[in-house]
Amino acid sequence: AGALTEVATTRESLRYNRLLEIVKQERVPIYIIAVNTFDESLSMGELRKAVDRRSEQVVQMSGGRVVHADSYEDVLPLTNQISHELGTAYTLGYYSTSENNPGYRKITVRTKQSGTTVIQSRSGYVLQNEN
Numbered sequence: 001a002g003a004l005t006e007v008a009t010t011r012e013s014l015r016y017n018r019l020l021e022i023v024k025q026e027r028v029p030i031y032i033i034a035v036n037t038f039d040e041s042l043s044m045g046e047l048r049k050a051v052d053r054r055s056e057q058v059v060q061m062s063g064g065r066v067v068h069a070d071s072y073e074d075v076l077p078l079t080n081q082i083s084h085e086l087g088t089a090y091t092l093g094y095y096s097t098s099e100n101n102p103g104y105r106k107i108t109v110r111t112k113q114s115g116t117t118v119i120q121s122r123s124g125y126v127l128q129n130e131n
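For the sequence shown, this note's numbering assigns the number 1 to the initial residue and increments by one for each residue that follows.
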């Protein structure tokens with residue numbers, strides 16, 4: 001049973017890494033509404049931590065975010081909140097100064113005005129060689 005569990009874990013890890021690569025390349029913000037359906041037992045607590053950690057990684061790379069709902073009744077107000085955020089979003093673009101160097105580029109968006117925060121920002125993008 002241990003070897004079978006290890007194979008399943010390796011496959012799942014490979015699939016997750018592939019998902020992260022797709023998220024980097026597609027440039028689409030991903031929003032996750034996490035509804036609390038977990039049993040609070042020890043083993044489920046560890047599973048929840050793993051799910052939360054991976055969800056945060058995916059949305060950070062995509063420029064989206066995770067919102068948490070305590071019940072299914074909270075989902076509709078959260079979708080309305082996300083819809084409002086997307087409706088008031090803007091796009092910021094620039095030309096890279098090192099176009100000849102393909103690969104993952106980390107970016108950071110900051111504001112000059114104190115007290116102003118950036119709600120949504122992707123952590124980087126993939127520059128592909130056009131050849």
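Don't be surprised by glycine CBs; every beta carbon is placed ideally from N, CA and C.
Nearest-angstrom Cα separation, counted from residue j out to residue i
{"i": "D70", "j": "Y104", "result": "36 Å"}
{"i": "D74", "j": "T117", "result": "25 Å"}
{"i": "H84", "j": "L78", "result": "10 Å"}
{"i": "G64", "j": "E6", "result": "32 Å"}
{"i": "L42", "j": "V51", "result": "Confidence at L42 is low in this model, with a pLDDT of 48, below 50, so the placement of that residue should be treated as unreliable; the coordinate-derived value is given next. Spanning the two alpha carbons is a distance of roughly 14 Å."}
{"i": "R53", "j": "V28", "result": "20 Å"}
{"i": "L55", "j": "N100", "result": "With the sequence shown as reference, residue 55 is identified as Ser, and Leu is not the correct amino acid for it. Approximately 32 Å between the Cα atoms of the pair."}
{"i": "G124", "j": "E21", "result": "12 Å"}
Proximity test, residue i beta-carbon vs the ligand ADP heavy atom, cut-off 6 Å
{"i": "I107", "result": "Among the components modelled here there is no ligand, and therefore nothing to report on the ligand ADP."}
Limits of the unbroken beta strand (DSSP E) element including residue i
{"i": "G103", "result": "103 to 106"}
{"i": "I33", "result": "31 to 35"}
{"i": "L127", "result": "124 to 127"}
{"i": "V67", "result": "65 to 69"}
Residue environment, residue i, which counts as buried when at least 16 other CB atoms sit within 10 Å
{"i": "K31", "result": "The displayed chain sequence assigns Tyr, not Lys, to residue 31. Buried is the call here."}
{"i": "S62", "result": "buried"}
Residue from the options whose Cα sits closest to the Cα of residue i
{"i": "S98", "options": "K106, T10, L92", "result": "K106"}
{"i": "Y90", "options": "R122, N80, H68", "result": "R122"}
Extent of the continuous alpha helix (DSSP H) to which residue i belongs
{"i": "L86", "result": "75 to 87"}
Sub-7 Å separation of residue i and residue j beta-carbons
{"i": "A34", "j": "V58", "result": "no"}
{"i": "L76", "j": "P102", "result": "no"}
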